Amino acid sequence: MPTPLSYDQELLDAIPLPMFLLDLDGAFIRANQAFHKFIGFTDEDIAAQGVYELLDPDNASRHRQYDHHLLRDGSVRPYEGSIRGTDRIVHSVVFRKSSLHSAVGEVTGIVTNIVDLTDLKNIERALVASESQKKAILDGFPGLIILFDSNLSAVWVNDNVWQRVDQPIGNQCHHIICGHDRNCRSCTVPESLRSGKVTIGVQHLEAEDGSDFYYEVIGTPVKDELGDIESVIVIAREITDRFKLEKQLRHAQKMEAIGTLAGGIAHDFNNVLTPILGYSEILKLKATHLGLEDETFREYIDEILQAGKRAKNLVEQILAFSRASEQKESLQYIHPIVKEVIKLMRVSLPTTIQITQEIDEKCGAVSVDPVQIHQVLINLCTNSADAIGNDHGTLHVRLGKAPVLPDETEQWVELCVEDSGCGMSKELLDRVFDPYFTTKEKGRGTGMGLSLVHSIITRHGGRIDVVSEPGVGTKFSIFLPPVAKDTTFDQVVKVDEVIGGEGNILLVDDEPQVVSVTGELLKSLGYRVTGLESSIEALSELAKNPDDFDLLLTDLTMPRLTGIELCREVKKIRPDIPVLLFTGYSERLMVEDARDAGIDEHCLKPVSLRDLSRLVKKLIGTSRSASQ
Numbered sequence: 056m057p058t059p060l061s062y063d064q065e066l067l068d069a070i071p072l073p074m075f076l077l078d079l080d081g082a083f084i085r086a087n088q089a090f091h092k093f094i095g096f097t098d099e100d101i102a103a104q105g106v107y108e109l110l111d112p113d114n115a116s117r118h119r120q121y122d123h124h125l126l127r128d129g130s131v132r133p134y135e136g137s138i139r140g141t142d143r144i145v146h147s148v149v150f151r152k153s154s155l156h157s158a159v160g161e162v163t164g165i166v167t168n169i170v171d172l173t174d175l176k177n178i179e180r181a182l183v184a185s186e187s188q189k190k191a192i193l194d195g196f197p198g199l200i201i202l203f204d205s206n207l208s209a210v211w212v213n214d215n216v217w218q219r220v221d222q223p224i225g226n227q228c229h230h231i232i233c234g235h236d237r238n239c240r241s242c243t244v245p246e247s248l249r250s251g252k253v254t255i256g257v258q259h260l261e262a263e264d265g266s267d268f269y270y271e272v273i274g275t276p277v278k279d280e281l282g283d284i285e286s287v288i289v290i291a292r293e294i295t296d297r298f299k300l301e302k303q304l305r306h307a308q309k310m311e312a313i314g315t316l317a318g319g320i321a322h323d324f325n326n327v328l329t330p331i332l333g334y335s336e337i338l339k340l341k342a343t344h345l346g347l348e349d350e351t352f353r354e355y356i357d358e359i360l361q362a363g364k365r366a367k368n369l370v371e372q373i374l375a376f377s378r379a380s381e382q383k384e385s386l387q388y389i390h391p392i393v394k395e396v397i398k399l400m401r402v403s404l405p406t407t408i409q410i411t412q413e414i415d416e417k418c419g420a421v422s423v424d425p426v427q428i429h430q431v432l433i434n435l436c437t438n439s440a441d442a443i444g445n446d447h448g449t450l451h452v453r454l455g456k457a458p459v460l461p462d463e464t465e466q467w468v469e470l471c472v473e474d475s476g477c478g479m480s481k482e483l484l485d486r487v488f489d490p491y492f493t494t495k496e497k498g499r500g501t502g503m504g505l506s507l508v509h510s511i512i513t514r515h516g517g518r519i520d521v522v523s524e525p526g527v528g529t530k531f532s533i534f535l536p537p538v539a540k541d542t543t544f545d546q547v548v549k550v551d552e553v554i555g556g557e558g559n560i561l562l563v564d565d566e567p568q569v570v571s572v573t574g575e576l577l578k579s580l581g582y583r584v585t586g587l588e589s590s591i592e593a594l595s596e597l598a599k600n601p602d603d604f605d606l607l608l609t610d611l612t613m614p615r616l617t618g619i620e621l622c623r624e625v626k627k628i629r630p631d632i633p634v635l636l637f638t639g640y641s642e643r644l645m646v647e648d649a650r651d652a653g654i655d656e657h658c659l660k661p662v663s664l665r666d667l668s669r670l671v672k673k674l675i676g677t678s679r680s681a682s683q
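Following this line, the structure appears as structure tokens:
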């Protein structure tokens, strides 16, 4: 009868898997070269100590139990174990056992082959670790990541989606991202499936409380091995903050554009206004001196002056809005300003609007430009009156101490304008401070009023809040920072009267009408005037007679020699002569250059007779006092 010993050793050695043979009693018969190479023991070592005692001594009985089951049942399933190899590494292996038969079919022993799974296990562990890392990355992404099939049904999502939707798998794109059951008209994801290109879109969502959210949605198509599009990966992340910042940037760019426009037109426009206002004041003076009693004639002059002043105020509003005009702040109690505006509103608004007030005169002083605060309050009251319209309504103005917030140490001053008008929707509130935005009928509003208010209050270091409800009304709340309690301050400056004087003034402006009207105004105040239209001629005239003039009054923008350059040259000839600079456009850099050049005062055209008299009197008086 053939025995296992007749098994061909060469055939065993040709098998690359480690293999060994046992007889029916479990005694070691032989093994192939792959087995010896794997474990590093000789046949003699194995026969003496036992194969399982050398391979896996802790589990020797387990291996023999599998052998017993094989001989009893004729088969046994593969099972895993571990073996320390010659490389001193513990290898993960699979033991596969089968019966060894004689030529007549009798079971004569057991053949065991060993499959080394170490590399496979390492790959599996690496794959598991890789998948775990990828999952952590995808789940840690601050947004939604979804794999959609060609029908835009979700087949895989990250954890953020599970937190957002109860059962996202199988749901459609619009349900997961937008939360509704209809297709999104602005969605770009289907385009990724159609075109095979990456698409980027923005979805606008509205929460239950009415707040707006914005999501950036990126669709990336996935192709199979044939290049056909089989799915799309969608990444959606909230960009509400970025959207708001972009909106603020666009708003700032609008401001910058307006500033550029304002600077470009202000100079020329103010040069046009100067003779209109100047000659109107001269007409009014002459009418008084000549004793003209025609009230209609005087009313015509007043109307011309009022129209010119409105045009001047419009330019000042644009310049203030664009930050091109210089802010003249001083410490003020602002309750006189508030009372003055309320008084003006009472006579200008219809009697159907009831004006109420609540003014705390001891609410504290603030550092403000009184003219601009007056302008702010006028704009807010006018806006409220327009919101009430022809209906009966109430306009309430309150000045007092603002509630102290947790992060504030001092009490701010609060100025409120509240009306019972038509109110505004949330969409209108979002745009209420945008330049040129208005809800008024064409021709009734410029859209600059509230933008100007916002600009002025922001530059004063304050803030403005607005609350509105359609059909109920609107409340604007202005908060101005306080000043130290021991700081001295002035009451609102009272208007000075026209002041005459004596002296010889050298006047230069490249606009003939400006030279003419300014000269007439100065002469009406009692001054002698030498008017020239060229800065070069003015320099020559002063060089010939440097002591004949008490004041140089010059325009800023002139050909060949600007007002600042003229001042520098004049100061070389006569350092003590006072210089008054007129300009149609005031800019901070220009003011600094003017001071460096030795210019004593500057004034924005068109200037009123009152302001002109005050400036000239101040400069000539100071100069004569210094020379005595």
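Anchor point for the sequence shown: position 280 equals 335 in the numbering used here, and the numbering is continuous, going up by one each time. Backbone N, C-alpha and C define an ideal beta-carbon position, used for all residues, glycine too. Given the structure is predicted, the values throughout are model-derived calculations rather than measurements.
Quick check on the burial criterion: 16 or more other C-beta atoms within 10 angstroms. Buried or exposed for residue 573? buried
Is it buried or exposed for residue 664, if we count other Cβ within 10 angstroms and need 16 for buried? With 16 or more Cβ atoms within 10 Å of its Cβ, residue 664 is classed as buried.
Coarse secondary structure for residue 168, derived from DSSP in three states: strand
Below 8 Å CB to CB, which residues in the same chain sit around residue 537 once its five sequence neighbours on both sides are set aside? A distance below 8 Å between beta-carbons, with the five flanking residues on each side excluded, links residue 537 to the following residues of its chain, in chain order: 419, 420, 421, 465, 466, 467 and 468.
So, for residue 487: in the same chain, excluding its five sequence neighbours on each side, which residues have a beta-carbon less than 7 Å away from its beta-carbon? 479, 505 and 521
In whole angstroms, what is the alpha-carbon distance linking residue 343 and residue 667? 20 Å
Determine whether the beta carbon atoms of residue 153 and residue 166 lie at a separation below 8 Å. yes
For residue 201 and residue 277, believed in contact at Cβ under 8 Å, the rounded distance: The Cβ separation is near 12 Å, so there is no contact.
Same chain, Cβ closer than 7 Å to residue 172, neighbours up to 5 away in sequence not counted: 147, 148 and 149
Could you tell me the alpha carbon to alpha carbon distance between residue 211 and residue 198, rounded to whole angstroms? 14 Å
Is it the case that the segment 349 to 362 contacts the segment 397 to 413, given that we only count it when at least three CB pairs across the two stretches are under 8 Å? No, because fewer than three Cβ pairs between the segment 397 to 413 and the segment 349 to 362 fall closer than 8 Å, the two stretches do not touch.
Exposed unless 16 or more other CB atoms sit within 10 angstroms - verdict on residue 283: exposed
Applying the 10 Å Cβ sphere with the 16-neighbour rule, what's the burial state of residue 106? buried
Consult DSSP for residue 180 and reduce its assignment to one of helix, strand or coil. Three-state DSSP puts residue 180 in a helix.
Residue 142 burial status per 10 Å Cβ neighbour count (16 or more: buried): exposed
Output the boundary residues of the alpha helix (DSSP H) element that contains residue 398. For residue 398, the uninterrupted alpha helix (DSSP H) run begins and ends at 390 to 403, by DSSP.
Using CA coordinates, which residue listed in 259, 311, 327 and 385 is at the minimum distance from residue 298? 259
For the beta strand (DSSP E) that residue 451 lies in, which residues bound it at each end? 448 to 456
How far does the alpha helix (DSSP H) with residue 441 in it reach, from first residue to last? 425 to 443
Within 10 angstroms of the Cβ of residue 590, are there 16 or more other Cβ atoms? Answer buried if so, exposed if not. buried
With distances taken Cα to Cα, identify the nearest neighbour of residue 535 among 518, 528 and 529. Taking only the C-alpha atoms, the option nearest residue 535 is 518.
Quick one: what's residue 278 bridged to in DSSP? 284, per the DSSP bridge assignment.
Between 293, 286, 349 and 280, which lies nearest to residue 256 when the distance is taken from Cα to Cα? 293
Distance between residue 136 and residue 178 (C-alpha atoms, nearest Å): 18 Å
Starting from residue 228, follow the alpha helix (DSSP H) in both directions and report where the run begins and ends. 228 to 232
If the criterion is Cβ atoms closer than 8 Å, does the pair residue 528 and residue 446 meet it? no
Kindly indicate which residue of 581, 101 and 94 has the alpha-carbon position closest to the one of residue 82. 101
Tell me the rounded alpha-carbon separation between residue 471 and residue 511. 16 Å
Terminal residues of the beta strand (DSSP E) in which residue 411 lies: 408 to 414
Report yes if the CB atom of residue 570 is closer than 8 Å to the CB atom of residue 607, and no otherwise. no
My understanding is that residue 596 touches residue 585, with C-beta atoms under 8 Å, so please give their C-beta distance in whole angstroms. 7 Å
With DSSP collapsed to three states, give me the class of residue 137. strand
Going by C-alpha distance, which of 514, 94 and 122 is nearest residue 162? 122
Between the C-alpha atoms of residue 379 and residue 206, what's the straight-line distance to the nearest angstrom? Bear in mind that a pLDDT of 45 at residue 379, under 50, signals an unreliable position, so the number given afterwards is only what the model happens to contain. Going by the C-alpha atoms only, they are around 57 Å apart.
Between which two residues does the beta strand (DSSP E) holding residue 152 run? First-last of the beta strand (DSSP E) with residue 152: 145 to 156.
Does the Cβ-Cβ distance between residue 88 and residue 113 come in under 8 Å? no
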